[in-house]
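**Student:** Chains as they are written, first to last, in full-length UniProt numbering: chain F, 1 to 109; chain X, 1 to 109; chain L, 1 to 109.
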Amino acid sequence: MKLLIAIVQDKDASRLSNDFIENDIRATRLSTTGGFLKSGNTTFMIGIDEERIDEVLSLIRESSHTRQQFMTPPVNLDAQLDSTSSYPIEVQVGGATVFVVPVEQFHQF
Amino acid sequence: MKLLIAIVQDKDASRLSNDFIENDIRATRLSTTGGFLKSGNTTFMIGIDEERIDEVLSLIRESSHTRQQFMTPPVNLDAQLDSTSSYPIEVQVGGATVFVVPVEQFHQF
Amino acid sequence: MKLLIAIVQDKDASRLSNDFIENDIRATRLSTTGGFLKSGNTTFMIGIDEERIDEVLSLIRESSHTRQQFMTPPVNLDAQLDSTSSYPIEVQVGGATVFVVPVEQFHQF
Ligand code: NI
Ligand code: NI
Ligand code: NI
Chain F
1 MKLLIAIVQD
11 KDASRLSNDF
21 IENDIRATRL
31 STTGGFLKSG
41 NTTFMIGIDE
51 ERIDEVLSLI
61 RESSHTRQQF
71 MTPPVNLDAQ
81 LDSTSSYPIE
91 VQVGGATVFV
101 VPVEQFHQF
Chain X
1 MKLLIAIVQD
11 KDASRLSNDF
21 IENDIRATRL
31 STTGGFLKSG
41 NTTFMIGIDE
51 ERIDEVLSLI
61 RESSHTRQQF
71 MTPPVNLDAQ
81 LDSTSSYPIE
91 VQVGGATVFV
101 VPVEQFHQF
Chain L
1 MKLLIAIVQD
11 KDASRLSNDF
21 IENDIRATRL
31 STTGGFLKSG
41 NTTFMIGIDE
51 ERIDEVLSLI
61 RESSHTRQQF
71 MTPPVNLDAQ
81 LDSTSSYPIE
91 VQVGGATVFV
101 VPVEQFHQF
C-alpha cells in the first residue's frame with residue numbers, strides 16, 4: 001500500500017475523478033490553491049497497492065499532462081480592435097505533480 | 001512520531017474531533033469529498049507518537065466504523081403511496097480509512 | 001525529494017506564501033481548521049530536495065513562529081467600563097507545526 005498525492009488543475013479534475021471511479025480506484029479530493037500550478041488546483045489522495053501505482057500514474061498523465069491548447073482571447077470591446085485581437089492563441093494548460101509516499105499501516109473500519 | 005491521515009464521514013467528524021480534544025490529540029481538519037466514502041467526508045491529519053497510535057485508531061474506529069442504521073425514507077407525496085413506503089429501512093452509515101505514514105522530522109516553532 | 005507538510009495560522013499564511021514564491025519553492029495550499037493551532041489555519045504541502053529542507057524550515061519559522069503581541073481589546077459599549085478595559089494586552093500569536101515525510105517517487109507530467 002502506498003499513498004499517492006496528486007495535484008492537478010481544476011479543469012482536469014473531473015475527468016480524472018471519473019477515470020478513478022471507472023477503474024475502481026478510491027481517491028479523496030481536496031480543494032487546494034497555488035504553488036505547483038498557477039491557477040486553482042485539486043489534490044487527490046489515493047491509497048493504492050504497489051502493483052497498481054503505474055496504472056494510476058498513467059491515468060493522471062493521460063488526463064492532466066501539460067499540453068498546448070488554442071484559445072480565442074476575449075474581445076475587448078472598450079479598446080480599438082487591432083486586426084489580430086480575435087485570433088486564437090496557443091496557451092499551455094494542464095500539468096500534474098505526484099508524490100508517492102510510503103504507508104506503514106492501512107486500516108478500514 | 002507518525003502522521004495519521006484519517007478519512008471519515010462528515011456526520012462522524014464532530015464527535016471524533018471532540019474525542020481528539022478530550023484525549024489531548026492534536027488533529028488538523030480538512031474538508032474533502034468523494035472516493036473512499038460515498039458522501040461528503042472529512043480528513044484529519046494527526047501527528048502522534050508511535051506508542052499512542054493504537055489509542056488514536058481506537059477512537060477513530062469507535063466513532064466512525066461502518067454500521068447499520070434504521071432510517072425512515074422521506075414520504076413521496078407525488079407518488080401513489082404503497083403500504084411499505086413509510087417503514088424504516090436499514091442503511092449503512094459511517095466507515096473510516098486510515099493511513100499511517102512515517103515522519104522523518106517533526107518541528108514546532 | 002521530501003514532502004513537507006506545514007500547518008500555520010491563517011494570518012501568517014500570506015507572508016509565508018510570498019516567501020515561498022520569492023525563493024522559488026512550490027507550495028500547495030489547503031484550507032484547514034483546528035487541532036495544532038486554536039484558530040483557523042492553513043496547511044502547505046511542499047515538495048523539496050533534501051538539501052533545501054533547512055531553508056524551507058527557516059522561512060516557516062521566520063514568518064510563523066509563536067510570539068507575543070500587544071493588542072487592544074475591543075471596547076464593550078454595553079458594560080460599565082472599568083478603567084483597564086482599553087489598555088493593550090499581550091497575546092500569543094503564530095505557531096507552526098511541520099512534518100517531513102519521505103517520498104519514494106516524484107513525477108511531473
Ligand atoms: Ni495528451
Ligand atoms: Ni459500534
Ligand atoms: Ni520573530
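Ideal Cβ placement from N, Cα and C applies to all residues, glycine included.
Name the residues in the region 89-104 of chain X whose C-beta lies less than 9 Å from a C-beta of chain L; which are they?
**Tutor:** Here the close residues are Val101, Pro102, Val103 and Glu104.
**Student:** For Leu59/X and chain L, any beta-carbon pair shorter than 7 Å?
**Tutor:** For this step, residue 59/X is matched to residue 59 along the second sequence. No, its Cβ sits nowhere closer than 7 Å to a Cβ of chain L.
**Student:** Quick check for students: name the residue ranges of the beta strand (DSSP E) that lie wholly in the region 21-62 of chain F, counting only runs of 3 or more.
**Tutor:** DSSP runs (the beta strand (DSSP E)) wholly in the region 21-62 of chain F: 27-33 and 41-48.
**Student:** Would you say Gln108/F faces chain X, with C-beta separation under 7 Å as the test?
**Tutor:** Along the first sequence, one-based indexing puts residue 108/F at 108. It does; some Cβ of chain X falls within 7 Å.
**Student:** Between the alpha carbons of His107/F and Arg67/F, how many angstroms are there, rounded?
**Tutor:** Sequence index remark: in the first sequence, residue 107/F carries index 107 (1-based). Sequence index remark: in the first sequence, residue 67/F carries index 67 (1-based). Looking at the two C-alpha atoms, the distance is approximately 38 Å.
**Student:** In angstroms with no decimal places, state the Cα-to-Cα distance between Phe99/X and Val100/F.
**Tutor:** Looking up residue 99/X in the second sequence gives position 99. Looking up residue 100/F in the first sequence gives position 100. If you take the alpha carbons of Phe99/X and Val100/F, they lie about 13 Å apart.
**Student:** Would you call the CB atoms of Asn41/F and Ile5/F closer than 7 Å?
**Tutor:** Within the first sequence, residue 41/F is the residue found at index 41, counting from 1. Within the first sequence, residue 5/F is the residue found at index 5, counting from 1. No, these two residues do not count as a Cβ contact at 7 Å.
**Student:** Going by DSSP, what residue range makes up the beta strand (DSSP E) through Pro102/L?
**Tutor:** The residue given as residue 102/L occupies position 102 in the third sequence. First-last of the beta strand (DSSP E) with Pro102/L: Ala96 to Pro102.
**Student:** Keeping to the same chain, check which residues put their C-beta closer than 6 Å to that of Thr32/X; ignore five residues upstream and five downstream.
**Tutor:** Start at 1 with the first residue of the second sequence, and residue 32/X comes out as number 32. Correct list, in chain order: Asn41 and Thr43.
**Student:** With the cut-off set at 7 Å, would you say Ser64/L and Asp19/L are in Cβ contact?
**Tutor:** Residue numbering aside, residue 64/L sits at position 64 when the third sequence is read from its first letter. Residue numbering aside, residue 19/L sits at position 19 when the third sequence is read from its first letter. Their beta carbons are not under 7 Å apart, which means Ser64/L does not touch Asp19/L by this criterion.
**Student:** Within 10 angstroms of the Cβ of Ile89/X, are there 16 or more other Cβ atoms? Answer buried if so, exposed if not.
**Tutor:** Counting from one through the second sequence, the residue named residue 89/X turns up at place 89. It counts as exposed.
**Student:** Does any residue of chain L have a CB that is nearer than 7 Å to the CB of Leu3/X?
**Tutor:** Residue mapping note: residue 3/X aligns to position 3 of the second sequence, counting from 1. Judged by the 7 Å Cβ criterion, Leu3/X is in contact with chain L.
**Student:** Just how far apart, CA to CA, sit Ile53/L and Arg26/L?
**Tutor:** For this step, residue 53/L is matched to residue 53 along the third sequence. For this step, residue 26/L is matched to residue 26 along the third sequence. Taking the straight line from one Cα to the other gives about 13 Å.
**Student:** Given a threshold of 16 other Cβ atoms within 10 Å of its Cβ, counted over all protein chains shown, does Ile46/L qualify as buried or as exposed?
**Tutor:** By one-based count along the third sequence, residue 46/L stands at place 46. By the 10 Å Cβ count, Ile46/L comes out buried.
**Student:** Let me check one thing: in DSSP terms, what residues is Leu3/L bridge-paired to?
**Tutor:** The count along the third sequence starts at 1 and reaches residue 3/L at position 3. In the DSSP output, where bridge partners are listed per residue, Leu3/L has Gly47/L and Val101/L.
**Student:** Can you say whether Ser58/L is buried or exposed, counting buried as having 16 or more other CB atoms within 10 angstroms of its CB?
**Tutor:** As a working note, residue 58/L is residue 58 in the third sequence. Burial call: exposed.
**Student:** Inspect the beta-carbon positions of Phe109/F and Arg15/X and report whether they are closer than 7 Å.
**Tutor:** Here residue 109/F corresponds to residue number 109 of the first sequence, with the count starting at 1. Here residue 15/X corresponds to residue number 15 of the second sequence, with the count starting at 1. No, Cβ-Cβ distance for Phe109/F and Arg15/X is not below 7 Å.
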